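In my numbering, the protein residues as written are 526 to 760.
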């Protein structure tokens, strides 16, 4: 199992001729919540997918002192790097329980009790078909399924997308609780206010490059960040 900070150095991601991530350098501190912010097309999800091993990239990614560039996706999962993708990606025709068990495929034993402890509503829905859950419940299932892999590093891609404000608050509480349990969280979000309220460190990408980085409280005081990403709201 991997441990330590994650370092991205000179990370580049191409999709054919499109240069989506351009020399990005990040440090993700173990045990903390790091958020990656930016507009659509800024390179946020591509950066997250590179950490998970889901896209080809150049540059280097190390965890602690261990380079993981040649490590395939399933080995990264087995070593504690788990992605909860944008759009949930649950199996809609399978039950809640079947979805959770699918998340535990790299582990010898499925620890359903952890998922039910954090998401008690899923225990009530255990035999329900996932596609019949509400949007918020589907997002909870997606995160719970990722937790079944027992991550040390949980990569969350747009967990608040399309959800009502009251559900977003619940998801925020869950992210805090997950982090309190010692899991490092990397959060990609377009909801800048939400992300900055949760994170210990923030990076803002523009056109595939790191434009701004710092502690959330510093970014919230920045006129540039307020005008471009917080609608001019004073914090």
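Even for Gly, the Cβ is constructed at its ideal location relative to N, Cα and C. Computed from a predicted structure; not experimentally measured.
How far does the beta strand (DSSP E) with residue i in it extend, from its first residue to its last?
i: residue 583; result: 583–588
i: residue 686; result: Careful: residue 686 lies outside any beta strand (DSSP E) and carries neither H nor E.
i: residue 544; result: 543–553
i: residue 831; result: For residue 831 there is no data in the structure shown, the boundaries of the chain being 526 and 760.
i: residue 540; result: 531–540
Taking buried to mean at least 16 other C-beta atoms within 10 Å of its own C-beta, is residue i buried or exposed?
i: residue 710; result: buried
i: residue 728; result: buried
i: residue 749; result: exposed
i: residue 541; result: exposed
i: residue 617; result: exposed
i: residue 657; result: exposed
i: residue 591; result: exposed
i: residue 534; result: exposed
i: residue 568; result: buried
i: residue 574; result: buried
Candidates the options: which alpha carbon is nearest residue i's?
i: residue 634; options: 619, 646, 672; result: 672
i: residue 661; options: 653, 629, 694, 678; result: 694
i: residue 593; options: 548, 530, 712, 652; result: 530
i: residue 576; options: 550, 566, 689, 643; result: 550
i: residue 642; options: 618, 572, 668, 656; result: 668
i: residue 715; options: 740, 543, 598, 731; result: 731
i: residue 631; options: 638, 574, 601; result: 601
i: residue 689; options: 707, 719, 708, 565; result: 719
i: residue 742; options: 645, 528, 560, 552; result: 560
i: residue 627; options: 706, 684, 666, 659; result: 666
i: residue 646; options: 692, 682, 684, 713; result: 692
i: residue 713; options: 595, 539, 610, 599; result: 610
Between which two residues does the alpha helix (DSSP H) containing residue i stretch?
i: residue 628; result: 621–628
i: residue 641; result: 637–643
i: residue 717; result: 717–723
i: residue 750; result: 748–754
i: residue 572; result: 569–577
Pull up the CB-CB distance for residue i and residue j, whole angstroms please, since I reckon it's below 8 Å.
i: residue 664; j: residue 613; result: 6 Å
i: residue 725; j: residue 555; result: Not confirmed; about 11 Å, so no contact.
i: residue 655; j: residue 619; result: 6 Å
i: residue 557; j: residue 532; result: Residue 557 to residue 532, Cβ: 14 Å. No contact.
Only counting the same chain, and skipping five residues up and downstream in sequence, which positions put a Cβ closer than 8 Å to that of residue i?
i: residue 754; result: 562, 717, 729
i: residue 564; result: 715, 731
i: residue 740; result: 725, 726, 727
If you drop the 5 nearest sequence neighbours on each side, which residues of the same chain put their C-beta closer than 7 Å to that of residue i?
i: residue 526; result: 604, 605, 677
i: residue 547; result: 537, 733, 734
i: residue 597; result: 578
For residue i, collect the residues of the same chain with a Cβ closer than 6 Å to its Cβ; drop the 5 residues on either side in sequence, then sort them by chain order.
i: residue 544; result: none
i: residue 738; result: 728
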